[in-house]
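Going by this note's numbering, the first residue of the sequence shown is number 26, and it counts up by one from there.
The beta carbon of each residue, even a glycine, is placed where N, CA and C say it ideally should be.
Bear in mind the structure is a predicted one, so any value in this text is a computation, not a measurement.
Each remark here refers to the structure printed beneath this line.
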Amino acid sequence: MKKFILLFALPSVIALSFSSCQSGKTIRVDASQVTEYRDLTVRDLDEFSSKMFVKLMQSPLAKTASGQPPRIAIGPMTAQITVEFPEALRINGLKNVITQSGLARIAGSSSNASLNEFIRFAKAQQGRAQANQPDYVLTQKIFENREYQNKVIFKTYTYILELVDLRSGSSSIGDVIVSETENIIKQVRK
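Following this line, the structure appears as structure tokens:
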């Protein structure tokens, strides 16, 4: 009986030890230790926008006289970058940021309207009933700077969020009243 167990157990242990070994690529659990090679994404913009928008709205200049959360229109994006973002994703991302913050209400968005059109409309509405007129228009600016290294390109994106005044009766209609800037650094393989 002992011979049978020994003859059966020894090959079983050897078979289990070889079959339980894994081969292939190693997967790191801690992602912070892995170098990422990816370009700017809409998700990056949303992440930075959420932090920056809260800072914008903490400024006393971004408050309304009524004490109510201001109405914000989502304006155009000025971009001098090689990455392209679908306009609908950009606008939806900003809508989510504004809604989730609870610091403002969305008054509208227009990807086709220029900043000058928003300002002209606000000036034309002076002295009229302003039920849905935005207090501010939120604009985005992104600029790209590249530094070429041996095997990679370091891209520094300067990301700017601005609130432009559209309040009726304001002496600063059309002026940027609050601005937040962040640098986003990405590493991309050549």
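Close-in-space but distant-in-sequence residues of the same chain around residue i (CB under 7 Å, 5 per side omitted)
{"i": "V108", "result": "D64 and L65"}
{"i": "K176", "result": "R214 and K215"}
{"i": "K88", "result": "none"}
{"i": "M77", "result": "L186, E205 and E207"}
{"i": "Q174", "result": "none"}
Neighbourhood of residue i by C-beta distance below 6 Å, restricted to the same chain and skipping five residues each side
{"i": "G133", "result": "A98"}
{"i": "L86", "result": "I202 and V203"}
{"i": "S84", "result": "V203"}
{"i": "Q151", "result": "S193"}
{"i": "F168", "result": "Q105 and T183"}
Cβ pair residue i, residue j closer than 9 Å
{"i": "I216", "j": "L191", "result": "Here the chain has residues from 26 to 215 only, and residue 216 is not among them."}
{"i": "R96", "j": "D200", "result": "no"}
{"i": "L140", "j": "G194", "result": "no"}
{"i": "T164", "j": "T103", "result": "yes"}
{"i": "F73", "j": "Y184", "result": "yes"}
Residue range of the beta strand (DSSP E) that includes residue i
{"i": "Q165", "result": "Y161 to Y173"}
{"i": "G75", "result": "Correcting the residue type first, residue 75 is Ser in the shown sequence and not Gly. Here S75 belongs to no beta strand (DSSP E); instead the alpha helix (DSSP H) covers V67 to M82."}
{"i": "R96", "result": "R96 to Q105"}
{"i": "Q212", "result": "V201 to R214"}
{"i": "V189", "result": "V177 to D190"}
Other residues of its chain near residue i: CB distance less than 8 Å, five sequence neighbours each side excluded
{"i": "G127", "result": "P94"}
{"i": "A138", "result": "G100 and P101"}
{"i": "N157", "result": "R96, A132 and G133"}
Alpha-carbon to alpha-carbon, residue j and residue i
{"i": "L3", "j": "K120", "result": "Residue 3 lies beyond the range of the chain shown here (26 to 215); nothing can be said about it."}
{"i": "N170", "j": "N117", "result": "26 Å"}
{"i": "I198", "j": "F146", "result": "11 Å"}
{"i": "M82", "j": "R130", "result": "12 Å"}
{"i": "K166", "j": "I209", "result": "13 Å"}
{"i": "I106", "j": "Y182", "result": "8 Å"}
{"i": "K148", "j": "K80", "result": "27 Å"}
{"i": "A90", "j": "D71", "result": "29 Å"}
{"i": "V54", "j": "S196", "result": "Model confidence at V54 stands at a pLDDT of 44, short of 50, so the residue's coordinates are unreliable; what they give is reported in the following sentence. Each residue's alpha carbon lies about 55 Å from the other."}
{"i": "D69", "j": "S75", "result": "10 Å"}
{"i": "E172", "j": "G92", "result": "46 Å"}
{"i": "E142", "j": "R153", "result": "18 Å"}
Endpoints, the alpha helix (DSSP H) within which residue i is located
{"i": "T124", "result": "E112 to S126"}
{"i": "E142", "result": "L140 to A149"}
Whole-number beta carbon distance between residue j and residue i, since they are thought to touch under 8 Å
{"i": "V67", "j": "L114", "result": "5 Å"}
{"i": "F179", "j": "Q212", "result": "6 Å"}
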